[in-house]
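**Student:** Here you go, one structure.
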Amino acid sequence: MFTIITGSQFGDEGKGKIVDLLAKDYDIVARFQGGDNAGHTVKAGGKVYKLHLIPSGFLLDSRVLIGPGTVLNPAVLAEEMEMLEEAGVPVTSEKLGVDAKTSVIMPYHIEMDGLREAARSEKIGTTKRGIGYAYIDKVARDEIRMADLVDEERLRSRLAEISAQKEATIVQMGGDASIVLDDEKISRYAALGQMLAPYVTDVSLEINRALDEGKNVLAEGAQGSHLDVIHGTQKYVTSSSTIAGSACAGLGVGPTRVDEVLGIVKAYITRVGAGPLPTELEDEAGKHLHDVGHEFGTTTGRSRRCGWFDLPLVKKAAYLNGYTSLALTKLDVLTGLNPIKICVGYMSEGQKLDYPPESTTVLSECVPVYEDFPGWEEDLTDVDSYEKLPENARLYVEKMEELIGVPIKYVSVGPAREQTFEK
Ligand code: IMP
Ligand code: MG
C-alpha cells in the first residue's frame, strides 16, 4: 500500500503526529520535498522530539528515507542524528537512507537566501535555510548532490566548476563571496559526506521494490498545500511542490501505485511568514487560538498568525491533492470559544465566492463570509473516542466533513499519541 500525507493549509497542521501515529503500519516512511525549513514535533513516551529533516516515522520500526526531491543540509542532518542518539534512538544506516540525487544545501545558498530576503521590499518571511537557492541550483543543473558530497574529490571539482558564478552572484547581492570557497566549511562538508556515505541509497528503487513485495510505504509531505510553488499563494510560498502529486515525482513512484491520500486539516488555520490569510484574527478569539494552540513555529520560533477555519482553501486543497480521507487536528483548542465560526466563502469585488480566486492579490482582499456554530466548554484533551466528544464538537466535525466533502478518518485533541482516535 502506498499512502501520501500532505498538509491542507499553510503547514503546521500536525502532519508529524499523524505520521508518528500511522508509522507502525508502514515499512517505509519517506520525505519527498522541502528541507530543514520544515519542523515537526512528535511527542511520544513523555519525550518531545523537534525535527526538521528526519521523517516523523523514525520512532517506530519503519525505515525512514529522504528522497531526491528534497534539499538537504548535511550539518542539520548530523545534528538531528546526534540528538536522537543522545535520546536513545540511534539512527543507523539500516534505519535511515538518503537518496544519492538529493541536492545539498551549501553555505552559499543560506547566504543568498538571507541577502535576497533582506533586499525584498515586501518580505516573504522565509526561514533563511537556503531552500529556495538550493532548488534554483537543482533546476539550473548547478547543484551539488549527495553523490558528490560523499566523494571529496568530486565535491571539490564540482565546486571549482561553479564557484566563480556563485561568487559573482553573492558580490552582486552585496554579500561576502569568500563563503563559497571557505576551506574550513568545505572540509567540514567533506567530513559530513564521509559520515553520511553509508546512508546513501536509491529511494525510488527501494520504494518500488517494497511495493512489489506487498509492503506499505508512507510519503510524508512538508509545509502545506497553499505554500506549493506552483499552486500556492505566490510569491508567498516555499520553493517546492507540496501537494500529493509531488510525492510521485519526488520519490520516483508512478501515480498508478497510490492507494490513499490523507489530508491533515487543523480545526482553525495558521500561517507563519507573510502572505494572504483571509480569516486572520487580531481579537480575543485569535489570541485564544494562538495561546491555547501554542502557535509558535518549530523552525524559527516565530509567532504563527491564527484565524477561523477557511473552507474555500481546504476545498481547493482537496482538489489539488485528491484526498481520500482527512485527519482533523487540534479540535481541543476550540474549547471555550462561542460561537465558533467557519468561513464558508468570501466577498470579493462585489461577488460571493465559494472557492479561492487564482490571484494572490485578489485573495488578500477577500472578506470572509462566516457561518456560526455553537461552541462547547468541556476540555477535550482526555477524550479517547469520537462518541465521548460533546455534542457540539461532534456537530462541528460533521459539518466540516459535509462542507469539505471528504470523510474525516481521524480526530486529534492533543499532541500525544494517545490523543488521536478514529472517527
Ligand atoms: P522558505 O521555505 O524558507 O523559503 O519560506 C517560504 C515561506 O514558507 C515562508 O512564509 C515560511 O514561513 C513558509 N514555510 C516554510 N516551511 C514551512 C513549514 O514547515 N511550516 C510552515 N511554514 C513554512
Ligand atoms: Mg511545522
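Going left to right, the sequence shown walks through residues 3 to 425 as the numbering used here numbers them. Glycine residues also receive a C-beta, built at the ideal position from the N, C-alpha and C atoms.
By how many angstroms is the C-alpha of Glu404 removed from the C-alpha of Ala246?
**Tutor:** Numbered from its first residue, the sequence shown carries residue 246 at position 244. Numbered from its first residue, the sequence shown carries residue 404 at position 402. Near 22 Å, if we compare the C-alpha coordinates of Glu404 and Ala246.
**Student:** Starting from Cys345, trace the beta strand (DSSP E) in both directions and tell me its first and last residue.
**Tutor:** The sequence position of residue 345 within the sequence shown is 343, counting from 1. Start and end: Ile342 to Ser350.
**Student:** If we count the other Cβ atoms within 10 Å of its Cβ and call it buried at 16 or more, is Gln353 buried or exposed?
**Tutor:** Sequence index remark: in the sequence shown, residue 353 carries index 351 (1-based). Gln353 comes out exposed.
**Student:** Alpha carbons only, please: which of Ser165, Leu198, Trp378 and His292 is nearest the one belonging to Asp184?
**Tutor:** Indexing the sequence shown from 1 puts residue 184 at position 182. The shortest Cα separation from Asp184 among Ser165, Leu198, Trp378 and His292 belongs to Ser165.
**Student:** Hey, would you say Leu61 sits closer than 8 Å to Ile68, going by beta carbons?
**Tutor:** Stepping through the sequence shown from its first residue, residue 61 is reached at position 59. Stepping through the sequence shown from its first residue, residue 68 is reached at position 66. In this structure, Ile68 does not lie closer than 8 Å to Leu61 by Cβ.
**Student:** Among residues of its own chain, excluding the 5 on either side of Leu23, which ones have a beta-carbon nearer than 7 Å to its beta-carbon?
**Tutor:** As a position in the sequence shown, residue 23 is number 21, starting the count at 1. Answer for Leu23: Arg419 and Thr422, listed in chain order.
**Student:** Whole angstroms are fine: how far does the CA of Arg273 sit from the CA of Gln11?
**Tutor:** As a working note, residue 11 is residue 9 in the sequence shown. As a working note, residue 273 is residue 271 in the sequence shown. Gln11 and Arg273: Cα-Cα distance of roughly 8 Å.
**Student:** For Ala287, count neighbouring Cβ atoms within 10 angstroms of its own Cβ and tell me buried if that reaches 16, exposed if not.
**Tutor:** Looking up residue 287 in the sequence shown gives position 285. Ala287 should be labelled buried.
**Student:** Are there any heavy atoms of the ligand IMP lying less than 7 Å away from the beta-carbon of Asn39, as far as the coordinates show?
**Tutor:** As a position in the sequence shown, residue 39 is number 37, starting the count at 1. The answer is yes for Asn39.
**Student:** Going by beta carbon distance, what residues of the same chain come within less than 7 Å of Gly18, once the five residues before and after it are set aside?
**Tutor:** In the sequence shown, residue 18 corresponds to position 16, counting from 1. Result list for Gly18: His42, Thr43, Val44 and Ser58, in chain order.
**Student:** Do Asp14 and Lys217 have their CB atoms nearer than 8 Å?
**Tutor:** For the purposes of this step, residue 14 is taken as residue 12 along the sequence shown, with counting starting at 1. For the purposes of this step, residue 217 is taken as residue 215 along the sequence shown, with counting starting at 1. No, these two residues do not count as a Cβ contact at 8 Å.
**Student:** Helix, strand or coil: which one does DSSP assign to Lys318?
**Tutor:** As a working note, residue 318 is residue 316 in the sequence shown. Lys318 falls in the helix class under three-state DSSP.
**Student:** From Met175 to Pro314, what does the alpha carbon distance come to, in whole angstroms?
**Tutor:** As a working mapping, residue 175 is identified with position 173 in the sequence shown. As a working mapping, residue 314 is identified with position 312 in the sequence shown. Rounded to the nearest angstrom, the two C-alpha atoms are 39 Å apart.
**Student:** Need the endpoints of the alpha helix (DSSP H) that Ile133 sits in, please.
**Tutor:** As a first step, residue 133 is located in the sequence shown; it is residue number 131 there, counting from the start. Boundaries of the alpha helix (DSSP H) around Ile133: Ile133 to Ala142.
**Student:** Return yes when the C-beta of Ser248 is under 7 Å from any heavy atom of the ligand IMP, and no when it is not.
**Tutor:** Position 246 of the sequence shown, counted from the first residue, corresponds to residue 248. Result no, Cβ not under 7 Å from the ligand IMP.
**Student:** Consider the C-beta atom of Val274 and the heavy atoms of the ligand IMP; say whether any pair is separated by less than 7 Å.
**Tutor:** Position 272 of the sequence shown, counting from 1, holds the residue named residue 274. Within the cutoff, so yes.
**Student:** With a threshold of 16 other CB atoms inside 10 Å of the CB of Gln225, please say whether the residue is buried or exposed.
**Tutor:** Position 223 of the sequence shown, counting from 1, holds the residue named residue 225. Buried, because 16 or more other Cβ atoms sit within 10 Å of the Cβ of Gln225.
**Student:** Which of the three DSSP states is assigned to Val1 in this structure?
**Tutor:** With the chain covering 3 to 425 only, the question about residue 1 has no answer from this structure.
**Student:** Could you tell me if the beta carbon of Gly265 falls within a distance shorter than 7 Å of some heavy atom in the ligand MG?
**Tutor:** By 1-based counting over the sequence shown, the position of residue 265 is 263. No, the beta carbon of Gly265 sits no closer than 7 Å to any heavy atom of the ligand MG.
**Student:** Beta carbon of Gly338, beta carbon of Glu284: below 8 Å?
**Tutor:** Locating residue 338 in the sequence shown gives position 336, where the first residue counts as 1. Locating residue 284 in the sequence shown gives position 282, where the first residue counts as 1. It is not a contact, given that the beta carbons lie outside the stated cut-off.
**Student:** To the nearest angstrom, how far is the alpha carbon of Val385 from that of Ala212?
**Tutor:** Here residue 385 refers to the residue found at position 383 when the sequence shown is read from its first residue. Here residue 212 refers to the residue found at position 210 when the sequence shown is read from its first residue. Their backbone Cα atoms lie some 37 Å apart in a straight line.
**Student:** Give me whichever residues DSSP pairs with Glu373 in a beta bridge.
**Tutor:** Sequence index remark: in the sequence shown, residue 373 carries index 371 (1-based). Per DSSP, Ile344.
**Student:** Mind checking whether the beta-carbon of His42 lies closer than 7 Å to any heavy atom of the ligand MG?
**Tutor:** As a first step, residue 42 must be located in the sequence shown, where it is residue number 40. Yes; taking the cut-off as 7 Å, the Cβ of His42 has a heavy atom of the ligand MG nearer than that.
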